[in-house]
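The sequence shown: position 231 = 600 (the working numbering), numbered continuously.
All C-beta atoms, glycine included, are put in the ideal place defined by N, C-alpha and C.
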Amino acid sequence: KDSLSFESPVVFIDEIHRFNKAQQDALLGAVESGDITLIGATTENPSFSVNNALLSRCQVYRLEPLTPEQISAVLQRALLEDNILKNLSVDLQAQDTISQLAHGDARKALNLLELAIQTADTKQSPLIIDDALVARVAQTALVRYDKDGEQHYDMVSAMIKSVRGSDPDAALYWMARMLVGGEPADFIARRLVILASEDIGNANPNALLLADAALRSVQSIGMPESRIILGQVVVYLATSAKSNSTYNAINAAMSLAEKDASPVPLHLRNGVTKLMRNQGYGQDYIYPHNYPNHYYAQSYLPDNLIGTRFYEFADNQREQHSKQFIDWLKDQAASND
370 KDSLSFESPV VFIDEIHRFN KAQQDALLGA VESGDITLIG ATTENPSFSV
420 NNALLSRCQV YRLEPLTPEQ ISAVLQRALL EDNILKNLSV DLQAQDTISQ
470 LAHGDARKAL NLLELAIQTA DTKQSPLIID DALVARVAQT ALVRYDKDGE
520 QHYDMVSAMI KSVRGSDPDA ALYWMARMLV GGEPADFIAR RLVILASEDI
570 GNANPNALLL ADAALRSVQS IGMPESRIIL GQVVVYLATS AKSNSTYNAI
620 NAAMSLAEKD ASPVPLHLRN GVTKLMRNQG YGQDYIYPHN YPNHYYAQSY
670 LPDNLIGTRF YEFADNQREQ HSKQFIDWLK DQAASND
């Protein structure tokens, strides 16, 4: 075919994130050859819901939420043009409230309008849709949380950042949003365990113990009581001293380990057989417990890495106390030489 004049058919796939990997892969050949022009629509983040191979061959356009003014226009159009609504006399006093509660989603706004009309006092003419009525029906109609979609990642990110930023109120709010939306309590607890080590670490070692205890507790207790346990832990973590020194240290060590394969020094090897010992395994190793303060200055890194530092003591009370202890050990060992 003449690629310059050939008009490929347009294939529109709504909710493309519902296609599994094999189904998405089946589109690759036709998209790459130009046999079809693919338009996929999704309410999910395509970075998570669309295969990388297909995503790399497409242009992504983000559709922004409607403004409150646009939502209001949609509501007025529905009242004027819908086959059922246009035959009703409706006094939409809560138009601005519905527009705000819909958070840019026209479908949610229309659903809320429909629920309000169904709930309104039918003896009135016109039907009065006021703020009080909308607030009542909105309690069940507008829980905005998709635990399988982008909001799942956004809200857990907001909770973690709030804890990291030492804001217990914001952390409680975002966690409550997740719980109200149906997020499993044990998922939240697992994230808090990771956070306790990553963002608090040795500034307060009890944080990890409490978070781990919370995880085991919510797994055995379940909701709704688990909210109490999670609330306690979130407040404790948010108001605790913070440090990411051990997080940075393990990342630095992992980065070097991926590039360096230095052999274990002979004195650190495990000489479990006579042959190994004859080859020097374990020789020249100094047993620290035989020395004052259970410490002896010897090298534990490969020769080419001696002096490498991964861990830097953070400027908090507990880590500085540990630093003072290590410095004291080294000073004592030097004075005993």
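Quiz item: For MET592, does the count of other Cβ atoms within 10 angstroms reach 16, so buried, or fall short, so exposed?
Solution: Taking the first residue of the sequence shown as position 1, residue 592 is located at position 223. Exposed is the call here.
Quiz item: Got a sec, what are the start and stop residues for the alpha helix (DSSP H) PHE381 sits in?
Solution: As a position in the sequence shown, residue 381 is number 12, starting the count at 1. Looking at the DSSP string, PHE381 is not in any alpha helix (DSSP H); the run it does join, the beta strand (DSSP E), is 379-383.
Self-check item: Local conformation of LEU457 per DSSP, three classes
Solution: On the sequence shown, position 88 is the one that residue 457 refers to. Coil, per DSSP.
Quiz item: Going by alpha carbons, who is nearest to PHE556 out of THR677, SER586, GLN469?
Solution: Counting from 1 along the sequence shown, the entry for residue 556 is found at position 187. Considering only alpha carbons, the answer is SER586.
Quiz prompt | Neighbourhood of ALA527 by C-beta, 8 Å cutoff - its chain only, sequence neighbours within 5 removed | solution = Counted from its first residue, the sequence shown places residue 527 at position 158. Cβ neighbours of ALA527 within its own chain (closer than 8 Å, five residues either side excluded): ALA539, TRP543.
Quiz item: Mind checking GLU433: buried by the 16 CB within 10 Å criterion, or exposed?
Solution: Numbered from its first residue, the sequence shown carries residue 433 at position 64. So GLU433 ends up on the exposed side.
Quiz prompt | Sequence-distant residues of the same chain with beta carbon closer than 7 Å to LYS699, five excluded per side | solution = Locating residue 699 in the sequence shown gives position 330, counting from the first residue. Contacts found: ALA666.
Practice problem: Please work out which residues of its chain come closer than 6 Å, Cβ to Cβ, to ALA621, disregarding the five sequence neighbours upstream and downstream, and give them in chain order. | Solution: As a first step, residue 621 is located in the sequence shown; it is residue number 252 there, counting from the start. Cβ neighbours of ALA621 beyond the five flanking positions: PHE679.
Practice problem: Pull up the distance between the alpha-carbon of THR615 and that of PRO574, whole angstroms please. | Solution: Residue mapping note: residue 615 aligns to position 246 of the sequence shown, counting from 1. Residue mapping note: residue 574 aligns to position 205 of the sequence shown, counting from 1. The alpha-carbon atoms of THR615 and PRO574 are separated by roughly 11 Å.
Quiz item: Smallest Cα separation from ASN685: which of ASN613, ALA630, ALA618?
Solution: Position 316 of the sequence shown holds residue 685. The residue with the shortest Cα to Cα distance from ASN685 is ASN613.
Self-check item: Start and end residues, beta strand (DSSP E) containing ILE497
Solution: For the purposes of this step, residue 497 is identified with residue 128 of the sequence shown, where counting begins at 1. Looking at the DSSP string, the run of the beta strand (DSSP E) that includes ILE497 is 496-498.
Quiz item: In terms of alpha-carbon separation, which member of ALA582, ARG533, ILE563, ILE590 lies closest to PRO553?
Solution: Numbered from 1 along the sequence shown, position 184 holds the residue referred to as residue 553. Ranking ALA582, ARG533, ILE563, ILE590 by Cα distance to PRO553 puts ILE590 first.
Quiz prompt | Which residues DSSP lists as bridging ILE408, in chain order | solution = In the sequence shown, the residue the question calls residue 408 occupies position 39. Paired residues: PHE381.
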